[in-house]
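Quick note, the sequence shown lines up with residues 1 to 402 if you use full-length UniProt numbering.
Here a beta-carbon is modelled for each residue, glycine too, at the ideal position from N, C-alpha and C.
Fair warning: this is a prediction, and the values are worked out from it, not measured in the lab.
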Amino acid sequence: MEDINSAVETLIHGSNTLFILLGAVMVLAMHAGFAFLEVGTVRQKNQVNALSKILSDFAVSALAYFFIGYWVAYGVTFLEPASVLTEENGYALVKFFFLLTFAAAIPAIISGGIAERAKFGPQLCATLLIVAFVYPFFEGMIWNGNYGLQAWLEAQYGASFHDFAGSVVVHAVGGWLAFGAVILLGRRDGRYRDGRLVAFAPSNIPFLALGSWILIIGWFGFNVMSAQTLGSVSGLVAVNTLMAMVGGTVAALLVGRNDPGFLHNGPLAGLVAVCAGSDLMHPVGALITGAVAGALFVWAFTATQVKWKVDDVLGVWPLHGLCGVWGGIACGIFGQQALGGLGGVSLSSQLIGTALGVAVALVGGFLVYGLLKVLLGIRLSQEEEYYGADLSVHKIGALSQD
Numbered sequence: 001m002e003d004i005n006s007a008v009e010t011l012i013h014g015s016n017t018l019f020i021l022l023g024a025v026m027v028l029a030m031h032a033g034f035a036f037l038e039v040g041t042v043r044q045k046n047q048v049n050a051l052s053k054i055l056s057d058f059a060v061s062a063l064a065y066f067f068i069g070y071w072v073a074y075g076v077t078f079l080e081p082a083s084v085l086t087e088e089n090g091y092a093l094v095k096f097f098f099l100l101t102f103a104a105a106i107p108a109i110i111s112g113g114i115a116e117r118a119k120f121g122p123q124l125c126a127t128l129l130i131v132a133f134v135y136p137f138f139e140g141m142i143w144n145g146n147y148g149l150q151a152w153l154e155a156q157y158g159a160s161f162h163d164f165a166g167s168v169v170v171h172a173v174g175g176w177l178a179f180g181a182v183i184l185l186g187r188r189d190g191r192y193r194d195g196r197l198v199a200f201a202p203s204n205i206p207f208l209a210l211g212s213w214i215l216i217i218g219w220f221g222f223n224v225m226s227a228q229t230l231g232s233v234s235g236l237v238a239v240n241t242l243m244a245m246v247g248g249t250v251a252a253l254l255v256g257r258n259d260p261g262f263l264h265n266g267p268l269a270g271l272v273a274v275c276a277g278s279d280l281m282h283p284v285g286a287l288i289t290g291a292v293a294g295a296l297f298v299w300a301f302t303a304t305q306v307k308w309k310v311d312d313v314l315g316v317w318p319l320h321g322l323c324g325v326w327g328g329i330a331c332g333i334f335g336q337q338a339l340g341g342l343g344g345v346s347l348s349s350q351l352i353g354t355a356l357g358v359a360v361a362l363v364g365g366f367l368v369y370g371l372l373k374v375l376l377g378i379r380l381s382q383e384e385e386y387y388g389a390d391l392s393v394h395k396i397g398a399l400s401q402d
């Protein structure tokens with residue numbers, strides 16, 4: 001009997017390890033999506049820089065999170081013998097890998113906002129500080145119950161802040177961190193003349209579309225595998241992810257008037273928004289959540305660039321910052337049983353948790369990038385920006401005519 005129980009336990013641990021490993025690999029692949037979305041959106045003279053930033057940021061994020069960030073968030077360190085680390089088929093290690101891919105999404109999000117004029121080295125320093133300290137501080141507060149916030153919300157409002165896959169913890173935090181960086185960097189040279197917007201057309205729509213598709217596919221790992229164990233997996237999460245993606249696509253297509261940039265960012269807006277409540281909402285609620293996010297992105301991106309004259313290259317503040325905020329709130333609305341959801345969620349807790357995420361990211365973004373601006377400088381010189389980050393930083397262009 002003991003042998004049977006041991007075999008069953010081994011099978012469970014092995015299955016869970018494989019399950020979350022597949023999720024980690026799928027979210028790791030999303031970083032190629034971030035890269036190609038940026039490559040296709042920036043001008044050709046900055047394509048190499050876009051690719052180099054995403055990969056370098058991931059490497060720095062892995063080191064920062066392994067040695068510092070994961071300990072800040074969960075109180076876990078891996079400076080132990082390998083015999084300890086391999087317990088339960090090494091599930092704890094693979095869980096770290098999965099959550100690392102979430103943490104590394106923060107600098108990947110920021111990268112799109114600061115494209116074409118940010119220095120390379122200081123951005124890696126910002127990545128180190130953000131993934132080691134800023135992001136894990138809020139992540140641990142929400143997903144590990146640190147500092148008593150979740151217990152207080154549950155006592156006060158009957159439910160803690162619910163963010164199943166990171167609409168706020170990952171996306172809103174990333175978007176609002178990027179907002180601080182974009183403001184401190186300033187606009188690209190020539191972006192506005194006589195107070196009017198000058199169009200900088202995307203360099204490669206096929207690459208932009210490829211990036212979008214890679215992200216869409218990887219997002220099913222991002223959301224579904226957030227269950228973290230095979231026994232907790234839910235088909236509801238998968239279908240809600242699908243419906244939100246479709247809602248965002250259709251809304252962006254209609255509101256964006258067939259613009260391919262809006263069209264391929266629309267599904268991403270819907271996916272950002274559904275992360276928080278994908279395990280609670282009815283699929284119709286997820287569809288509405290995604291549709292609102294797709295329309296919100298088109299409106300906010302246009303307003304940011306044209307009215308407010310904030311030069312956020314990929315629109316990461318509208319896409320991740322604002323749609324992430326909407327996702328946190330939408331979870332508190334469409335997660336209610338009265339609207340077909342599973343319940344167990346409080347709109348008040350969602351509003352408080354979302355507002356706190358924005359506050360942490362705003363303070364963190366201005367603090368990190370403000371400090372680096374004073375100490376190192378965060379912007380390329382006017383001449384370097386003119387020639388492009390590819391030649392100025394990496395000494396090679398994206399294409400060769402030979």
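- Assignment of beta-bridge partners to Tyr192 by DSSP yields Leu197.
- Excluding sequence positions up to five before and after Asn144, its CB lies within less than 7 Å of the CB of Ala73 and Tyr74, all in the same chain and listed in chain order.
- Under DSSP, Arg379 forms a beta bridge with Ala118.
- By the CB criterion at 7 Å, Gly113 and Asp312 fall inside the cutoff.
- Straight through space, the alpha carbons of Tyr135 and Val173 are spaced by roughly 8 Å.
- In this structure, Leu314 lies near Thr41, with their beta-carbon atoms less than 7 Å apart.
- For Thr229, no alpha helix (DSSP H) encloses it, and the DSSP letter there is neither H nor E.
- Closest option to Gly357, judged by alpha-carbon separation, among Thr304, Gly370 and Leu322: Leu322.
- The Cβ atoms of Ala178 and Ile109 sit closer than 7 Å to each other.
- Contact annotation: Pro283 and Thr304 have beta-carbon atoms that are not nearer than 7 Å.
- Judged by DSSP in its simplified three-state form, Ile396 adopts coil rather than helix or strand.
- Pairing Glu9 with Val345, the inter-Cα distance amounts to about 33 Å.
- In this structure, DSSP gives Asn258 a state outside helix and strand, which the three-state scheme calls coil.
- C-alpha of Glu154 to C-alpha of Ser349: approximately 8 Å in a straight line.
- Per DSSP, reduced to three states, the secondary structure at His264 is helical.
- The beta carbon of Leu263 sits closer than 8 Å to the beta carbons of Thr249, Ala252, Leu253 and Gly256 from its chain, once the five residues preceding and following it are set aside; these are given in chain order.
- By the C-beta density criterion, Glu139 is buried, having at least 16 other C-beta atoms within 10 angstroms.
- Under the three-state reduction of DSSP output, Ser160 falls in the coil class, being neither helix nor strand.
- For Leu215, the closest C-alpha among the options Phe164, Ala269 and Val292 is that of Ala269.
- Setting aside the 5 residues that flank it on each side, Ala291 is surrounded in the same chain by Gly247, Gly248, Val250, Ala251 and Gly270, each with a C-beta closer than 8 Å to its C-beta; the list follows chain order.
- A distance below 6 Å between beta-carbons, with the five flanking residues on each side excluded, links Ile68 to the following residues of its chain, in chain order: Ala132.
- For Gly140, the enclosing alpha helix (DSSP H) covers residues Tyr135 to Trp143.
- Annotated three-state conformation of Glu384 is helix, per DSSP.
- In its own chain, leaving out the 5 sequence neighbours on each side, no residue places its CB closer than 6 Å to the CB of Ala92.
- Note on Thr77: under 16 other CB atoms within 10 angstroms of its CB, so exposed under the neighbour-count rule.
- By the 16-neighbour rule on beta-carbons within 10 angstroms, Ser83 is exposed.
- Residue environment for Val272: buried (at least 16 other C-beta atoms within 10 angstroms of its C-beta).
- Taking the CA atoms as reference points, Tyr157 sits about 17 Å from Phe334.
- Phe207 is not a Cβ neighbour of Val48, given a cutoff of 7 Å.
- By the Cβ-count criterion, Arg187 is exposed, with fewer than 16 other Cβ atoms from all chains shown falling within 10 Å of its own Cβ.
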